[in-house]
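Engineer: Residue numbers (our numbering): 6 to 408. Here you go, one structure.
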């Protein structure tokens, strides 16, 4: 480099050797470029998206695990709810300080660390629109503020989804339990009916027929010489005839209980009227019956039979338990409903208490009446108070009966 140019350069950048000059150029060329603002924003957005996806994955895992729990047929409902609490706790932002509790009908299932939380959110658990409990999620320590206190908006959506899912699981399990209970009750009812028929045949029909046989055996004995058997024969024949008549009546009553003939031949109103009349004769009670509108309503056999059984059970309960003197039965077809009302002037009871006692003692009369009406798409209401008698009212849609 020429001396004049060198001095000018050194004046601009300072004295330096050629090696130092090279080093300075190398340093300036290898220095990091300033960060690109757009790249920084994109990286932050990417990290935020990844974090959000991780949260969504946890939420999906939560719902999936709860579904898996519910599909284990050998797992009790309480165990499913306890498992759902543990699964849900892992799906929130801060699982280390998350506690969960599910409350159904006064029973609680919760994570082992449950205690009064610093922050809490809850969602109702509903079955067919009716609240049956709730699920609560809480943080045991103070956490950063988000959309709903320390909770994310997505966590609110997840909590509501879990509550809805639990509601459907509980409803399905209750339906399964009811089917099993109905199956057991059906078997029990069949066995009870078989036992009743066996007792009727043994205690009444069989005994009468046995006595008839003894009478006929006496007739077969050759009389002693000089003895006129005429009077004894007449007595034996009359006794046998009476016994056979009693046996025939018992068989007819048994057949009538199993399938009321008037119901098939004459219809519901006439069969119900006959039942009320027979009840009055048998018990000595005043039983009033009236029907209205059934002459124009077409009631199918299944509906008629079930409503007849409801009336049969209501009359039996009134006669056995109410200590009443008067029963009033009303059967009304008024579109769109078929109504059956049975009132008595007996001592009355608290319906909720009586139903609970009946279930506890395996007495299924009131419960079976409700089930018969419910299976026909109707509703059974029982109104009573101690000392104020009983009113039983069944309402069945006539559309199901063909009107």
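Note that CB positions come from ideal geometry on N, CA and C, so glycine has one too.
Starting from the C-beta of residue 115, find all residues in its chain whose C-beta is less than 6 Å away, skip the five residues before and the five after it, and write them out in chain order.
Structural biologist: In the chain shown, the residue the question calls residue 115 occupies position 110. So the list reads 90 and 106, once near-sequence residues are dropped.
Engineer: Do the segment 208 to 219 and the segment 251 to 260 make contact, defined as three or more Cβ pairs closer than 8 Å?
Structural biologist: yes
Engineer: Going residue by residue through the segment 181 to 217, where are the continuous beta strand (DSSP E) segments of at least 3 residues, counting only ones entirely within it?
Structural biologist: none
Engineer: Under 8 Å by Cβ, that's how I've got residue 327 and residue 351 pegged, so tell me the actual separation to the nearest angstrom.
Structural biologist: Indexing the chain shown from 1 puts residue 327 at position 322. Indexing the chain shown from 1 puts residue 351 at position 346. Taking the Cβ atoms as the reference, residue 327 lies roughly 3 Å from residue 351, within the contact range of under 8 Å.
Engineer: Within the continuous alpha helix (DSSP H) that includes residue 121, where are the two ends?
Structural biologist: Looking up residue 121 in the chain shown gives position 116. Here residue 121 belongs to no alpha helix (DSSP H), and DSSP marks it neither H nor E.
Engineer: Identify every residue that forms a DSSP beta bridge with residue 113.
Structural biologist: The residue labelled residue 113 in the question sits at position 108 within the chain shown. Bridge partners of residue 113: 108.
Engineer: Rounded to whole angstroms, what's the CA-CA distance from residue 26 to residue 39? Just pull it up for me.
Structural biologist: On the chain shown, residue 26 is found 21 positions in, with the first residue counted as 1. On the chain shown, residue 39 is found 34 positions in, with the first residue counted as 1. Summary for residue 26: the model assigns pLDDT 49, below 50, so the residue's position carries little reliability; its value from the coordinates is reported in the next sentence. Going from the Cα of residue 26 to the Cα of residue 39 covers about 24 Å.
Engineer: So, at 8 Å on beta carbons, what are the nonlocal neighbours of residue 83 in its own chain, with the 5 sequence-adjacent residues on each side left out?
Structural biologist: Taking the first residue of the chain shown as position 1, residue 83 is located at position 78. Closer than 8 Å at the Cβ level, and outside the excluded window around residue 83, lie 112 and 114.
Engineer: Judging by CA-CA distance, which residue of 270, 288, 200 and 335 is the nearest neighbour of residue 396?
Structural biologist: Your numbering for residue 396 matches position 391 in the chain shown. For the residues 270, 288, 200 and 335, the minimum Cα distance to residue 396 belongs to 335.
Engineer: Are the Cβ atoms of residue 122 and residue 104 separated by less than 7 Å?
Structural biologist: Looking up residue 122 in the chain shown gives position 117. Looking up residue 104 in the chain shown gives position 99. A contact, by the Cβ cut-off of 7 Å.
Engineer: Can you give me the Cβ contacts of residue 85 inside the same chain, cut-off strictly under 7 Å, excluding the 5 residues immediately before and after it?
Structural biologist: The residue given as residue 85 occupies position 80 in the chain shown. The residues are 74, 75 and 174.
Engineer: Measuring only the C-alpha atoms, how far is residue 219 from residue 269?
Structural biologist: On the chain shown, position 214 is the one that residue 219 refers to. On the chain shown, position 264 is the one that residue 269 refers to. Looking at the two C-alpha atoms, the distance is approximately 38 Å.
Engineer: On the premise that residue 164 lies in contact with residue 140, defined as a C-beta separation below 8 Å, what is that separation, rounded to the nearest angstrom?
Structural biologist: Within the chain shown, the letter at position 135 stands for residue 140. Within the chain shown, the letter at position 159 stands for residue 164. Yes, residue 140 and residue 164 are in contact; Cβ-Cβ is about 7 Å, under 8 Å.
Engineer: So, do the segment 187 to 205 and the segment 146 to 162 have three or more beta carbon pairs nearer to each other than 8 Å?
Structural biologist: no
Engineer: Could you say if the segment 179 to 187 and the segment 145 to 153 meet the contact criterion of at least three C-beta pairs nearer than 8 Å?
Structural biologist: The segment 179 to 187 is not in contact with the segment 145 to 153.
Engineer: Hey, which unbroken runs of the alpha helix (DSSP H) at 4 residues or more fall wholly within the segment 298 to 374?
Structural biologist: 306 to 326 and 356 to 365
Engineer: Quick check on DSSP: helix, strand or coil for residue 150?
Structural biologist: Looking up residue 150 in the chain shown gives position 145. The answer is coil: DSSP assigns residue 150 none of H, G, I, E or B.
Engineer: Looking at residue 299 and residue 338, is the spacing between their C-beta atoms short of 7 Å?
Structural biologist: Counted from its first residue, the chain shown places residue 338 at position 333. Counted from its first residue, the chain shown places residue 299 at position 294. Their beta carbons are under 7 Å apart, which means residue 338 touches residue 299 by this criterion.
Engineer: Would you mind reading off the limits of the alpha helix (DSSP H) that contains residue 102?
Structural biologist: Here residue 102 refers to the residue found at position 97 of the chain shown. No alpha helix (DSSP H) holds residue 102; DSSP gives it neither H nor E.
Engineer: Based on the DSSP secondary-structure assignment, which residues constitute the bridge partners of residue 144?
Structural biologist: Taking the first residue of the chain shown as 1, we reach residue 144 at position 139. Bridge partners of residue 144: 103 and 124.
Engineer: The beta strand (DSSP E) with residue 287 in it runs from where to where?
Structural biologist: The count along the chain shown starts at 1 and reaches residue 287 at position 282. Careful: residue 287 lies outside any beta strand (DSSP E), inside the alpha helix (DSSP H) at 273 to 288.
Engineer: So, under 8 Å CB-CB, residue 292 and residue 302 are touching, yes? Tell me the CB distance rounded to an integer number of Å.
Structural biologist: Translated into positions along the chain shown, residue 292 becomes position 287. Translated into positions along the chain shown, residue 302 becomes position 297. Wrong, their Cβ atoms sit about 23 Å apart, outside the cutoff.
Engineer: May I ask you to report which of helix, strand or coil DSSP gives residue 39?
Structural biologist: Counting from 1 along the chain shown, the entry for residue 39 is found at position 34. In the structure shown, residue 39 sits in coil (DSSP, three-state: anything other than H, G, I, E or B).
Engineer: What did DSSP end up calling residue 388 once you bin it into helix, strand or coil?
Structural biologist: As a working note, residue 388 is residue 383 in the chain shown. Reduced to three states, the DSSP call for residue 388 is strand.
Engineer: Can you look up residue 77 in the DSSP assignment and give me helix, strand or coil?
Structural biologist: Stepping through the chain shown from its first residue, residue 77 is reached at position 72. Note: residue 77 maps to coil in three-state DSSP.
Engineer: Taking the straight line between their C-alpha atoms, what separation do you get for residue 245 and residue 206?
Structural biologist: Within the chain shown, the letter at position 240 stands for residue 245. Within the chain shown, the letter at position 201 stands for residue 206. If I take the Cα positions, the gap works out to 18 Å.
Engineer: Go ahead and label residue 55 buried or exposed: buried means 16 or more other beta carbons lie within 10 angstroms of its beta carbon, across all protein chains shown.
Structural biologist: Locating residue 55 in the chain shown gives position 50, where the first residue counts as 1. Burial call: exposed.
Engineer: Spatial neighbours of residue 295 within its chain, please: C-beta separation below 8 Å, excluding the five flanking residues on both sides.
Structural biologist: Translated into positions along the chain shown, residue 295 becomes position 290. Same-chain partners within the cutoff: 334, 335 and 336.
Engineer: For residue 265, count neighbouring Cβ atoms within 10 angstroms of its own Cβ and tell me buried if that reaches 16, exposed if not.
Structural biologist: Position 260 of the chain shown, counting from 1, holds the residue named residue 265. Counting Cβ neighbours within 10 Å, residue 265 comes out buried, since at least 16 surround it.
Engineer: Taking residue 96 as part of the alpha helix (DSSP H), name the residues at either end of that continuous run.
Structural biologist: Numbered from 1 along the chain shown, position 91 holds the residue referred to as residue 96. From DSSP, residue 96 is part of no alpha helix (DSSP H); its letter is neither H nor E.
Engineer: Could you round the C-beta distance between residue 304 and residue 345 to whole angstroms and report it? I think they count as a contact, below 8 Å.
Structural biologist: As a working note, residue 304 is residue 299 in the chain shown. As a working note, residue 345 is residue 340 in the chain shown. That belief does not hold up - the Cβ atoms of residue 304 and residue 345 are roughly 11 Å apart, past 8 Å.
Engineer: Taking the alpha carbon of residue 127 as the point to measure from, which residue in 143, 400 and 238 has its own alpha carbon closest?
Structural biologist: Start at 1 with the first residue of the chain shown, and residue 127 comes out as number 122. Looking at the Cα atoms, 143 is the closest of the given residues.
Engineer: Skipping 5 residues on each side, what residues in its chain have a beta carbon closer than 8 Å to that of residue 147?
Structural biologist: The sequence position of residue 147 within the chain shown is 142, counting from 1. Excluding its 5 nearest sequence neighbours in each direction, residue 147 has C-beta neighbours in its own chain below 8 Å: 123, 124 and 155, listed in chain order.
Engineer: What three-state label does DSSP hand residue 394 in the structure shown?
Structural biologist: Position 389 of the chain shown, counted from the first residue, corresponds to residue 394. Of the three classes helix, strand and coil, the one that applies to residue 394 here is coil, per DSSP.
Engineer: Quick one: what's got a C-beta closer than 7 Å to residue 93's C-beta in the same chain, skipping five residues either side?
Structural biologist: Along the chain shown, read from residue 1 onward, the residue named residue 93 stands at position 88. Excluding five sequence positions before and after residue 93, the CB atoms of its chain that fall closer than 7 Å to its own CB belong to 67, 105, 142 and 167, given in chain order.
Engineer: Going by CA-CA distance only, name the one from 201, 101, 376 and 108 that's closest to residue 385.
Structural biologist: In the chain shown, counting from the first residue as 1, residue 385 sits at position 380. Answer by Cα proximity: 376.
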